[in-house]
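Q: One structure follows; several queries about it will come next.
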Amino acid sequence: MRGLVKGGVDDVRAVSRGWRWGRRSLVPRSAEPHSLPKESPVFPTAWSRRRPAKAVREVVQQAGLRPLFRSQVSPHVEGLDMLGRVKPPVLFVANHASHLDTPLILLSLPNEWRRITTVAAAADYFFDTWWRAVGSALVFNTFPIERRGGSLASTPGDVLNEGWNLVVYPEGTRSVDGWVGSFRMGAAWLAVEHQVPIVPVAHRGTFAAMPRGQGWPSPGRKPVTVRFGPPLRPTEGESAREFAPRVRDAVASLLDEDRSTWWEARRRAAADAVPDPSGPDVAAWRRVWAQTESPRPVSGMPRRRAWRRR
Amino acid sequence: MILALEMFRSVPRMVAAKAVGGRIPGILSGPAAPLRLVSREQPAASRPGWARVRVRLSGICGSDLGALSGRTSLYFSGLVSMPFVPGHEVVGDLMDDCDDLPSGTRVVLDSVLTCAARGVEPCASCSAGATNRCDRITVGHLAPGLQTGFCADTGGGWSQVFIAHRSQLHAVPDDLTDEQAVLVEPLACAVHTALRARVNRGDHVLVSGAGSVGLLTTLALRELTPAGDITVVAKHAHQRDLARDFGATDVVVPDEALRGVRRSTRAFHVRGQLGRSYLLGGVDIAIDAVGSRKSVEQALHATKAGGRVVLSGMPAVADLSAAWFRELEVIGSYASASREPAADGRGSFDLAMELAAGGGVADVASGVVSYPLHRWREALDHAHSAGRLGAVKVTFDPRSSR
Amino acid sequence: MSRPGFVLEVDDRTPPLVVHEGEGFRLEEFPLGTQVVYPPESLPAMSDVDEAIQHALLHPEGSDPLPSLLRSGMRLTIAFDDISIPLPPMRKPDIRQRIIEAVLTMAADAGVDDVELISANALHRRLTNAELKDIVGERVFRSFHPQGLLYNHDAEDRGNLLHVGMTDQDEDVEINRRAAESDLLIYVNVNLVAMDGGHKSVPIGLASYKSLRHHHNSKTMVRSHSFMDMEKSHLHHSAWRMGRMLADHLKIFTIETTLNNDVFPKPYDFLLKREWEWGVKDQASMLAVRRGLALAPDKLRHKMFHDLRAPYGVTGVHAGETEAVHAKTLANVHRQQMVEVQGQSDVLVLGVPYLGPYNVNSVMNPILATCMGLGYYFNSYRGQPVVRRGGAVILYHPVKPDFNQLHHPSYVDFYEEVLAESTDPAVIEAKHEEAYATDPWYVHLYRTSHAYHGVHPFYMWYWAAHAMDHVEEVVWVGGDRRAVGRMGFRAASTLADALEMVSGTVGSSPSITYLRNPPHLIADVH
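So the sequence lines, in the order shown, correspond to chains A, B and C.
Residue numbers for the first sequence follow my numbering, beginning at 3 and rising by one.
Residue numbers for the second sequence follow my numbering, beginning at 267 and rising by one.
Residue numbers for the third sequence follow my numbering, beginning at 59 and rising by one.
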């Protein structure tokens, strides 16, 4: 009996070492030419949108994530009234600069919205190992989308059809310098195809608080802001190609509004003088430098109140 | 006064030995042994033809162990007189002149106590020279006893001194060591067995058992008979080597014996129920040199129809179906005769003496171990597992005190 | 998609690799630089096997379509490969059953009355009724067996053997009389490895000892480099001479089939995957199976393995004239099993699994393990042996001296009597073969019971003769010391010990090649 247990322990040890448990499995060098192109694993996430997972997520987000998030950054939310003008499902289209973006947007949403909002996450990053996939699906309600194309268990369309809101970062990846990159067509296409409104979302300060490559927000509870804009709907017969620039302009205008005021931003928009959200064409360090500055908290608005809605 | 090991009648010990001796051999050399070391008067050699013998070496024979463990059939209980000193494989020195043999002659003992020793008219067997078949072993001026070593009056080899009759004594040539000489008696029995087997030229012979009896029988078969293949069943490695040295063509382990015989004789194998396994066909002659039930049955089962089975060990109760069904000739072979008709009337001891001088026996003799009398428990233990421990013969050396 | 085989070089990224050893397997960490030869992945199976069979029978190679060969009043005999192939036995329906059913359907349509079916088991044991039924299927069994028209070939039934003649090299050609005197003999084969099939089917499967001994002997086997390569196998040359002679005497219609590499069913399919591609599920099943095996009593473990039925897929069915058919068959076998290997190595490592051709539903005794390792696996090469002359072979197997008395009675005696005396195939052959081959008891058991013929263990030993002649050292990892010693080899408890033991011959840092089979592979060594 002892031999049996010992044999089992030895086996598990050998396997955990040989197959690098907890790390990426490796292909022997000489076998690389003979390996199949790595197929993106099809990770089913339907379970994460069912009742038990929802219950767990509610506890994790409210009791764990929210206090943790607020202990690390100081968020400021504007424009939630825009949500009164639409009914789920909607697409939240946001710029993307940091891993903080997702919790920021999710935790900014009113509870009844948050509970039915999913996040489109890159399959090759968030769903390449089972524990990361389970973790992100459970905590952030992510589901995988393919950046490079491939088969998926559930498509964003399915999710929208089931009545879920969807957070999409049309840049496809986090910005390297905090400025906004080019938008892909996906979000616009989804909106056109499934006739759902897009709620543009702009946020600032997440790059300054936790840029790419950093695993944890910088100390000092850096301020971050998030602003929801008026919903956009594709007009009759409008194609995704025509709609996509409108979405980007909306996000750019929101960023401008966040930086200045609504009125100034509107006027610049009317004058077709919205600052390019992709930033000035200057040396890389200056671009980064500009973005590492946290947004100044809007005066006259107590921080606490901004978070404690209703 | 002399030291002697004495076997006495003790019903509880006998029962105990019989009950568990087979399973726990240690008990035979321990509390249950009906044996004791005693000091007693020297036996007196008062009648003519008798003389005292001072023991040099005395072997422990399988039949001695059988008697101690109570495994011997009660058949023999009328043929012994208690208490007696065991030991019938003896080499010693004459302490008195004995007819033509002067005092000091080194002698070996033909242990059968015949008409001549008992001072009665020779019976038919004795007259014919078949002294081992003597019918008068319970009468005459000696207490009953088939051999020296089972008789209360003569003493026996497991003591310092015993008495023997001239008819029992054979002078030992000087070129034999004591160890070789002590093997002469078992060798004479082996010679007798080999001659009793009436081997025809080229006969295939199976010797079941490779203790001293089996090995020496193998030697006798090879030297004195025209046997063809000789298959020996041997349990232990050194026995296998010795068996080959003594002329075995094939050596098999007990569990493989039937299979080995079947292979070499191209017989057919039959399996009955409950592990009854036997051959149709087989060897011409089988010699049982153990006496256990398993060994006897193996000999019966490996012999072809009309073949011959020679019982050389003291046999246990066994299934004789094969003897009936295969019309086997089952013959006994006990001790040795003073005139062997199969060897032109020569005596077994003379033949044995010649064989004992050969190189093979010298090798065996070098493996003879001896114990002083007072370490008899160790000696019996050793004898019990002699095969496993690599000894062919365990003896007492009453001269030694260490 | 199935990927071709390739040679892995063990590096620090390589996980432990599976090595089969009898009724179990171990995970072995090979020294860096060890070459591991992986067989090609299983080829896609034919989707419609029955259609393929019909096509093969109606459009045969070098022969008229089968229906035109069948006529009322003819004597038709169908012989088929026995239980020694495929390994492990195939999941029902057996491919032989499907073919025999198709053939019989055509025969019935043509009004053929005189049909007999013979299991071509040569000197192998007779199949039990259940085993026959597994091969030919219930319909065929029920239609023929009760009438005594479906039976095992009996190489000792003098009355039912026909000496057809001699080849130009004075080899007796003696086969089953019924087969030899038929108007048409149809042979249904499963070509599991490259050795099978072609003229090895009829002249060997239906032959007598008198005919077999011309090629089943130590001299032929030592010179066959290897017997898996018919071009260079003296065994096959002899069989081909016999086959051509037979083809002149009698009309033979050969049907050959090839299988893919799907050897292990679920949940053992991880054994077929390349280790570094094992997912969590594979690793978990491996751990579970390992624990299960450790926990299971011997009997249960034996049963677990011997109850495995391979989910083989059929990759080819060809019919017609023997040699034309076999060329196509061989191409299929090579496509599934051939792997290119560059250069010979000092040490060859082989894991001997629980099953060889001669212990289906039985026990792999030490002689069969040797035949499997040094015979079949060692000879699984083309060109030159995987290991250099004078190198070492390291095998994995428990080599327990357990024998099945029903199937292998002469093996016990061979092990106890013959091997105790000599392990040199030539010496053994000269001294003992005749006695075993003609032993009436073995003959009796072969004919009436389910025993391999008395001479069969000798053949097993000859099978390993080339390997024993070629290499200097043979070490069994995990082998029973006494049994291994009896066979003239050495035993080690770990690979490291074994390498240490052979270091005197091949040096302390030898080049090592491990053939990772099963499934079957042929190393094409350049």
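Note that CB positions come from ideal geometry on N, CA and C, so glycine has one too.
Every value quoted in this text rests on a predicted model; they were computed, and no experiment measured them.
Tell me whether the region 303–317 of chain C and the region 235–244 of chain C touch, counting them as touching only if at least three CB pairs, one residue from each stretch, are closer than 8 angstroms.
A: Cβ pair count under 8 angstroms is three or more, so yes.
Q: Kindly indicate if chain C contains any beta-carbon less than 7 angstroms away from that of A135(A).
A: It does not: the Cβ of A135(A) has no partner Cβ on chain C nearer than 7 angstroms.
Q: Do L323(B) and V448(B) count as a contact pair if the criterion is CB distance below 7 angstroms?
A: In this structure, L323(B) lies closer than 7 angstroms to V448(B) by Cβ.
Q: With H, G and I counted as helix, E and B as strand and the rest as coil, what does DSSP make of R322(B)?
A: Strand at R322(B).
Q: Using DSSP's beta-bridge definition, name the partner residues of W181(A).
A: BP columns for W181(A) are empty, so no partner.
Q: Within 10 Å of its beta-carbon, does N462(C) have 16 or more other beta-carbons around it, so buried, or fewer, so exposed?
A: That one is buried.
Q: So which residues on chain C does F662(B) lean against when the C-beta distance must stay under 8 angstroms?
A: What F662(B) touches in chain C: nothing, since even the nearest Cβ is about 38 angstroms away.
Q: Quick check on V564(C) - is its C-beta less than 7 angstroms from some C-beta in chain A?
A: It does not: the Cβ of V564(C) has no partner Cβ on chain A nearer than 7 angstroms.
Q: Excluding the five sequence neighbours on either side, which residues of its own chain have a C-beta within less than 6 angstroms of the C-beta of F363(C), listed in chain order?
A: Hits under 6 angstroms: E81 and Y412.
Q: Taking a Cβ distance cut-off of 7 angstroms, strictly less, list which residues of the region 522–539 of chain B are near chain C, in chain order.
A: Listed in sequence order: E522, R525, G526, R528, R529, R532, A533, F534 and H535.
Q: Thinking just about the alpha-carbon of each residue, which of A342(C), D340(C), R447(C) and W298(C) is nearest to the one in A382(C)?
A: Checked all of A342(C), D340(C), R447(C) and W298(C); the closest Cα to A382(C) is W298(C).
Q: Is it right to say V536(B) is buried, meaning 16 or more other beta carbons lie within 10 angstroms of its own, or is it exposed?
A: Per the 10 Å Cβ criterion, exposed.
Q: Alpha carbons only, please: which of V635(B), R665(B) and S666(B) is nearest the one belonging to G653(B)?
A: Considering only alpha carbons, the answer is V635(B).
Q: Which residues in chain A have a C-beta closer than 9 angstroms to the C-beta of P97(C)? List them in chain order.
A: Here the premise fails: no neighbours, minimum Cβ distance about 12 angstroms.
Q: Does the separation of the CB atoms of Q426(B) and S377(B) fall below 7 angstroms?
A: No, these two residues do not count as a Cβ contact at 7 angstroms.
Q: Report the residue from A310(B), V277(B) and A317(B) whose alpha carbon sits nearest the alpha carbon of L301(B).
A: Residue V277(B) is the option with its Cα nearest to L301(B).
Q: Judging by CA-CA distance, which residue of S604(B), H504(B) and R467(B) is the nearest neighbour of E489(B)?
A: It is R467(B).
Q: Going along the chain, which unbroken runs of the beta strand (DSSP E) with 3 or more residues stay wholly within the region 154–228 of chain A?
A: With a minimum length of 3 residues, the continuous beta strand (DSSP E) runs that stay inside the region 154–228 of chain A are 167–170 and 200–206.
Q: Report the rounded CA-to-CA distance for T119(A) versus P146(A), giving the unit in angstroms.
A: Their backbone Cα atoms lie some 14 angstroms apart in a straight line.
Q: Please classify M3(A) as buried or exposed, where buried requires at least 16 neighbouring CB atoms within 10 angstroms.
A: Its Cβ having fewer than 16 others within 10 Å, M3(A) is exposed.
Q: I want to see whether chain C comes within less than 7 angstroms of R312(A), judged by CB atoms only; does it?
A: Interpretation of R312(A) is limited by its pLDDT of 46, a score under 50 that renders its predicted location unreliable; the figure taken from the coordinates is listed afterwards. Not one chain C Cβ lies under 7 angstroms of R312(A).
Q: Give me the chain C residues within the contact set of W21(A), using Cβ-Cβ distance strictly less than 7 angstroms, ordered along the chain.
A: Simply P73, W336 and Q341.
Q: Tell me which same chain residues have a C-beta within less than 7 angstroms of the C-beta of Q293(A), skipping the five on either side of it?
A: Excluding positions up to five away in sequence, the list reads D179, G180, W181, F209 and A210.
Q: In whole angstroms, what is the alpha-carbon distance linking M267(B) and D440(B)?
A: Distance between the alpha carbons of M267(B) and D440(B): 30 angstroms.
Q: I'd like to know if E475(C) contacts chain B, where contact means its C-beta is closer than 7 angstroms to some C-beta of that chain.
A: Chain B contact via Cβ: present.
Q: Over what stretch of residues does the beta strand (DSSP E) that includes L449(B) continue unbroken?
A: Unbroken run through L449(B): none, as it is neither H nor E.
Q: What runs of the beta strand (DSSP E), each 3 residues or longer, lie entirely inside the region 542–601 of chain B?
A: Complete beta strand (DSSP E) runs here, min 3: 543–546, 549–554, 569–577 and 595–598.
Q: Taking contact to mean 3 or more Cβ pairs, one atom from each stretch, closer than 8 angstroms, check whether the region 468–482 of chain C and the region 433–451 of chain C are in contact.
A: Short answer: they don't touch.
Q: Give a yes or no on whether the C-beta atoms belonging to S269(C) and V231(C) are separated by under 7 angstroms.
A: Yes, they are a contact pair.
Q: Rounded C-beta distance between E475(C) and R464(B)? I'm assuming under 8 angstroms.
A: About 29 angstroms separates the two Cβ atoms, so there is no contact after all.
Q: Restricting to Cα atoms, I'd like to know which of C417(B), H431(B) and S369(B) is closest to F342(B).
A: For F342(B), the nearest C-alpha among the options comes from C417(B).
Q: List, in order along the chain, the chain B residues whose C-beta lies closer than 8 angstroms to that of L499(C)?
A: Sequence check: residue 499(C) is Trp here, not Leu. Per Cβ cutoff of 8 angstroms: R528, R532, A533, F534 and H535.
Q: Roughly how far, in whole angstroms, is the beta-carbon of A500(B) from the beta-carbon of A456(B), given that I think they are within contact range, below 8 angstroms?
A: That pair is no contact at about 15 angstroms.
Q: At which residues does the beta strand (DSSP E) containing H511(C) begin and terminate?
A: From DSSP, H511(C) is part of no beta strand (DSSP E); its letter is neither H nor E.
Q: Tell me the rounded alpha-carbon separation between K224(A) and L93(A).
A: Between K224(A) and L93(A), the C-alpha separation is close to 28 angstroms.
Q: Could you list which residues in chain C have their beta carbon closer than 7 angstroms to that of A16(A), in chain order?
A: Within chain C, the residues near A16(A) are P74 and L85.
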